[in-house]
DNA sequence: ACATGTGAACTGCTTCACAGCG
DNA sequence: CGCTGTGAAGCAGTTCACATGT
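Protein chains in written order, with our numbering: chain A, 25 to 233; chain B, 25 to 233.
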């Protein structure tokens, strides 16, 4: 398959959200124009995005809401349950553990891991905090596919290496550092500090202040 | 000034991080090659990024670490203190309130706002939780420049409108919805569900599983 | 008649390659 | 000589415009 741009994948997620809203309202069809307006893009963009994966619409009519929803869920890999582990049981880990979006989309949080003896054995939003020592054994047994890194920046790279060695190939990183990973891994970093700097840049370079 | 790409601004943030690390170690100069290697890009990219803002290097030598740090801080608007308010005193709000990266970069969190009487008057990581009713008055008085939206998705758009009317023009949004804002506002959305879908897409479309 | 699907044109970011300067 | 700064070339993502199918 042709290489798909990150921006395309992100838009597909957006389209799916609207489709699920429409599904809930019982709407039967939707046009590329409608999806575009809601998603802040153009109808041509919507059609192009979808065209990478097939023909889902009917000319003169639009797209069947349930059909396109199903197709997008398949494309995005949301047809199955994904097992997730959280590394780091601090504030960010806690916020993630209770995050609704996780469960709604079929993500199952298996456990949170920490090295702090104070925390081990406790629960984080109903999720067990386990000793990081058990990480490798647990992964071998339960085979989670995704790890969420929510630990201080200086420990992030070594944790990533450990995650990689344990055989997990997808990581969502919240530590504010540039991580180095091998080619067979997918790492997405969410860096709040960097987003904020995008804001201050915009504020500073828009007009005089 | 010429329009600067988002990707460029993000890389500038990355460069600044490394420069500050080098500053701490007392290194005097750095080459575009070195910055590139650390930041996962190319030396040409580094030089091009910087060239939008001026000439900061010395040919044959590289860049002065302190000079380039200062220049980047200025460009990114980090030379001043920015006042931030958090809207929503839930788990995400709490994680943000304690986030070190905020203070380190000169962001001052003025208050968190909530409508829940249970929470109002309490402290969130040392930050006062105030009644959302007081929001407009407080903004008029304290003039915060940045708002962080950490509330449920269904309330996000109305909060954004309220933030806009109060005169704040930069918003970091953690609610998983597509927000509509007027042109003079800058809104950055961090959507964890969407990032996760980027991961499941990659896992699904990389090999057979 | 209407809205999709898609080659072609366009726009903008990245990479190249080298002249210029310390 | 080494490394920056930058036009030019290359590439990727977006937009256009229309033929196509219902």
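We put the beta carbon where it would ideally sit given N, CA and C, even for glycine.
The structure displayed is predicted, hence computed values, not measured ones.
Between residue i and the rest of its own chain, which residues show a CB-CB distance below 7 Å, the 5 nearest in sequence each way excluded?
i, result
"residue 5 of chain A", "Since the first and last residues shown for chain A are 25 and 233, residue 5 of chain A lies out of range."
"residue 188 of chain B", "205, 206, 209"
"residue 213 of chain B", "197, 203"
"residue 92 of chain A", "43, 80"
"residue 38 of chain A", "63"
I'd like the list of long-range same chain contacts for residue i, defined as Cβ closer than 6 Å, with 5 residues on each side in sequence excluded.
i, result
"residue 152 of chain B", "135"
"residue 67 of chain B", "56, 57, 60"
"residue 216 of chain B", "none"
"residue 159 of chain A", "137"
For residue i versus residue j, is the C-beta spacing smaller than 7 Å?
i, j, result
"residue 175 of chain A", "residue 111 of chain A", "yes"
"residue 148 of chain A", "residue 113 of chain A", "yes"
"residue 131 of chain A", "residue 109 of chain A", "no"
"residue 28 of chain A", "residue 76 of chain A", "yes"
"residue 40 of chain B", "residue 85 of chain B", "no"
"residue 137 of chain A", "residue 124 of chain A", "no"
"residue 221 of chain A", "residue 100 of chain B", "yes"
Determine the direct distance from the alpha carbon of residue j to that of residue i, and round the result to whole angstroms.
i, j, result
"residue 129 of chain B", "residue 219 of chain B", "25 Å"
"residue 56 of chain A", "residue 225 of chain B", "22 Å"
"residue 103 of chain A", "residue 127 of chain A", "13 Å"
"residue 169 of chain A", "residue 105 of chain B", "41 Å"
"residue 195 of chain A", "residue 173 of chain A", "7 Å"
"residue 167 of chain A", "residue 177 of chain A", "25 Å"
"residue 190 of chain A", "residue 26 of chain B", "47 Å"
"residue 63 of chain A", "residue 122 of chain A", "27 Å"
"residue 146 of chain A", "residue 182 of chain A", "24 Å"
"residue 164 of chain B", "residue 186 of chain B", "13 Å"
"residue 117 of chain B", "residue 171 of chain B", "11 Å"
"residue 94 of chain B", "residue 49 of chain B", "16 Å"
In the DSSP assignment, what are the bridge partners of residue i?
i, result
"residue 82 of chain B", "B/86"
"residue 53 of chain B", "B/88"
"residue 109 of chain B", "B/135, B/171"
Sorry if obvious, but does the Cβ on residue i come closer than 6 Å to a heavy atom of the ligand GTP?
i, result
"residue 68 of chain B", "Looking at this structure, you won't find the ligand GTP or any other ligand, since it has none at all."
Within a Cβ cutoff of 8 Å, which residues of the same chain sit near residue i, ignoring the five residues on either side of it in sequence?
i, result
"residue 180 of chain B", "173, 197, 199, 201, 203"
"residue 233 of chain B", "Any reading at residue 233 of chain B must be qualified, since the residue scores a pLDDT of 41, below 50, and its modelled position is unreliable; no value is offered."
"residue 35 of chain B", "63, 65, 69, 70, 73"
"residue 115 of chain B", "none"
Exercise. Which runs of the beta strand (DSSP E) fall wholly inside the region 118-150 of chain A and span at least 3 residues, in chain order?
Worked result: 131-138
Problem set entry | Ordered list of beta strand (DSSP E) runs contained in the region 146-221 of chain B, each at least 3 residues | 151-155, 170-173, 194-197, 210-213
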